[in-house]
Amino acid sequence: MTTDRRTDPARPVIVLFRHDLRLSDNRALTEAAATGKPVVAAFVRDDEAPGGRPIGGARRWWLHRSLEAFAHSLKSLGIPLVLRRGEMQAIVASLVEETGADMVVWNRRYDPHGIEADTAMKATLSAADVRCRSFEGFLLHEPWRLKTGSGGPYKVYTPFWRALLATGDPRPPLPAPTRLAAFAGKVTTENLADWNLLPMRPNWAEGLSAEWTPGEAGARRRLEDFLSDAIEGYSRQRDVPGLRSTSRLSPHLAHGEISPFQVWHAVRGLASWKEDSDKFLRELAWREFSWHLLFHFPGLPTENFNARFDAFEWRGDETSLRLWQKGLTGYPIVDAGMRELWRTGWMHNRVRMVAASFLVKHLLIDWREGERWFWDTLVDADPANNAASWQWVAGSGADAAPYFRVFNPVLQGEKFDPKGVYVRAFVPELAKLPDNRLHRPWEADAATLSSAGVKLGATYPVAVVDHQEARQRALAIYNATRGDE
DNA sequence: TTTTGAGTTGTTCGA
DNA sequence: GTCGAACAACTCAAA
């Protein structure tokens, strides 16, 4: 990969940005700075190119804001951000042509389309005698490096985690470059506004704006807040959706506004709260595991990891799918989660499991439908975590939940949101119900309902399925799927 | 090659 | 109310 080919110091180096919209701990950028060559910074978007998967609505909003922030940071170093979209290979070839660059650097991607596109790009560039260098930065461990004793990829999380720990601490993060040589020539850029990433009418992004600050500075602040406010007690409180007890770093990581190296070392460096920081680092390692799986099983977002599930007879019930999407299932914890997702572009992890399990096991709707909905609505949607987690819940995935594990939405609600802080925030029409009926409004007597202003079937839906019946149905079908093959 | 131990996140039932 | 067992086998990872 690395050649000894010399480059001409007067000719520029192109730095490609994709999922790494940050200045600090950005190896490609640091290496470019170290050459002393003039730098051309380009964000190239190929999700809409053939073979790509267009990013969803929530990520479009995020990307717009993140690019604004990133362009601003680069500008403070005297470098404009060039925006292009299309096929990676063609765009970069034309950038080389326009600028006379003799070197291109980037941080690696790990999704199947990204790998393919970058491989093709590299071949084109190398054939044209342009020096290429690619770097790590999105993942702590290159997915091809961690192997089981017999040389294969890991399919179970715990051995993966142990192997990850056994390789020692990942490299420390790099500081942001303090100076970059600007490229004197003119490079045309597309207009961010022309990408139409922001929703217009209706503007559903207000809730997203209220919750998130996309960009490197926002990511850093989120990490600092987490370290000062929430890491202590994380192992116990992370499951309580009514507390701000998780890091909420996922969308920042997905866009590369912060790197896993930065997160790892910030948390690893904490002297106290060992149990809590370990627990959190295990979560970070789940992200690694999902990408490891996607790398080795590129079909993960669309195909059952466990082929036995190909015979599973999902119900294609459009009506209940819509109710689930809108947060109108009649189960308060599920509805709160789905509405949090719609309003803020994010959902608490515990509630993701409950809501996902509900779609798959109570409604018997194909996990791919859920995956698609999350892809469109999550600001942190990525092909690895989203697919791996859905398959995990469905039981078709690697190291998956056993089929008989059917979350009871009432018990989950009462256990993790006992005071109803979460449900009341997102399902205000139930807010006046007492705690002991909040997660099971159908058991409230008429007086309680009426004094709370709740009329089932009118102000809040009647449950779309009965838990016990749905559970029995799921167990029967899952059971049948297991045997015959 | 064979064997062995283990495997994120739960629910329900009956003692 | 609390507690332990059953739920079911299967596959993975490593010795």
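Read left to right, the first sequence gives residues 6 to 490 (our numbering). Backbone N, C-alpha and C define an ideal beta-carbon position, used for all residues, glycine too.
Cβ separation of residue i and residue j, assumed to be a contact under 8 Å, to the nearest whole Å
| i | j | result |
| --- | --- | --- |
| Leu28 | Ala181 | 4 Å |
| Asp381 | Ala63 | 7 Å |
| Ala475 | His367 | 4 Å |
| Asn112 | Phe75 | Asn112 to Phe75, Cβ: 14 Å. No contact. |
| Trp66 | Pro204 | 7 Å |
| Ser264 | Gly142 | 6 Å |
| Gly332 | Trp347 | 7 Å |
| Gln212 | Ile338 | First, the residue type needs correcting, since residue 212 is Gly and not Gln in the sequence shown. Wrong, their Cβ atoms sit about 19 Å apart, outside the cutoff. |
| Leu68 | Leu202 | 6 Å |
Rounded separation between residue i and residue j - CA only
| i | j | result |
| --- | --- | --- |
| Pro407 | Ser362 | 12 Å |
| Glu308 | Phe379 | 17 Å |
| Thr8 | Leu26 | Caution is warranted here: a pLDDT of 46 is assigned to Thr8, below 50, making its placement in the model unreliable, and no coordinate value can be reported. |
| Met6 | Asp340 | Reliability of the predicted coordinates at Met6 is poor, the pLDDT of 48 falling under 50, and no value is obtained from them. |
| His297 | Asp450 | 51 Å |
| Phe412 | Leu435 | 22 Å |
| Asp371 | Tyr162 | 24 Å |
| Thr12 | Val20 | 15 Å |
| Asn311 | Gly400 | 8 Å |
| Val428 | Glu229 | 28 Å |
| Ile482 | Ala403 | 20 Å |
| Val426 | Ala463 | 23 Å |
| Pro178 | Val415 | 44 Å |
| Arg273 | Pro164 | 20 Å |
| Gly115 | Glu280 | In the sequence on display, residue 115 carries Tyr and not Gly. Their backbone Cα atoms lie some 31 Å apart in a straight line. |
| His260 | Ile60 | 12 Å |
| Glu121 | Arg445 | 50 Å |
| Ala171 | Glu288 | 17 Å |
| Leu82 | Glu195 | 20 Å |
| Glu102 | Glu262 | 29 Å |
| Phe22 | Gly119 | 12 Å |
| Thr153 | Glu147 | 14 Å |
| Trp397 | Lys160 | 12 Å |
| Leu144 | Phe188 | 30 Å |
| Ala452 | Pro55 | 59 Å |
| Met343 | Pro433 | 14 Å |
| Met93 | Leu232 | 38 Å |
| Gly156 | Asp315 | 28 Å |
| Leu305 | Gly321 | 21 Å |
| Ala186 | Ala38 | 7 Å |
| Asp199 | Lys80 | 20 Å |
| Leu438 | Met352 | 23 Å |
| Thr40 | Leu197 | 29 Å |
| Arg373 | Arg313 | 16 Å |
| Thr183 | Arg16 | 21 Å |
| Pro14 | Glu36 | 14 Å |
| Gly190 | His24 | 26 Å |
| Trp269 | Trp278 | 14 Å |
| Leu5 | Asp387 | Outside the shown range of the chain (6 to 490) lies residue 5, about which nothing can therefore be said. |
| Ala168 | Trp447 | 49 Å |
| Leu88 | Ala222 | 21 Å |
Pair within 7 Å by beta-carbon distance, residue i and residue j
| i | j | result |
| --- | --- | --- |
| Arg150 | Arg90 | no |
| Phe317 | Thr486 | yes |
| Leu364 | Gly350 | no |
| Pro219 | Ser71 | yes |
| Ala290 | His257 | no |
| Leu130 | Val109 | yes |
| Phe431 | Glu323 | no |
| Ala389 | Leu299 | yes |
| Val192 | Thr104 | yes |
| Arg253 | Arg292 | no |
| Ser250 | Ala235 | yes |
| Leu369 | Trp329 | no |
| Ser255 | Asp52 | no |
| Pro303 | Pro117 | yes |
Report task. Pick out the complete alpha helix (DSSP H) segments inside the segment 310 to 377, 4 residues or longer, and give them in chain order. Result -> 323 to 331, 337 to 349, 354 to 362
**Report entry** Secondary structure, beta strand (DSSP E): runs of 3+ residues fully inside the segment 83 to 143
**Finding:** 86 to 90, 108 to 112, 136 to 140
Query raised in the report: Is it true that the segment 465 to 472 meets the segment 389 to 406, where meeting means three or more beta-carbon pairs spaced less than 8 Å apart?
Result: no
Query raised in the report: Does the segment 127 to 136 come within contact of the segment 35 to 48, defined as at least 3 CB pairs closer than 8 Å?
Result: no
Requested in this report: Kindly provide the ranges of any alpha helix (DSSP H) runs that are 4 or more residues long and lie completely inside the segment 382 to 411, ordered along the chain.
Outcome: 388 to 399
Query raised in the report: Going along the chain, which unbroken runs of the alpha helix (DSSP H) with 4 or more residues stay wholly within the segment 235 to 281?
Result: 239 to 242, 255 to 259, 265 to 273
Query raised in the report: Do the segment 120 to 127 and the segment 93 to 106 meet, that is, are 3 or more Cβ pairs less than 8 Å apart?
Result: yes
Requested in this report: Spell out a yes or no on whether the segment 342 to 359 and the segment 412 to 423 are touching, meaning 3 or more CB-CB pairs, one atom from each, closer than 8 Å.
Outcome: yes
Query - Segment contact flag, the segment 269 to 289 with the segment 231 to 242, C-beta cutoff 8 Å, min 3 pairs - result: yes
Query raised in the report: Which runs of the alpha helix (DSSP H) spanning at least 4 residues fall entirely within the segment 143 to 181, listed in chain order?
Result: 162 to 171
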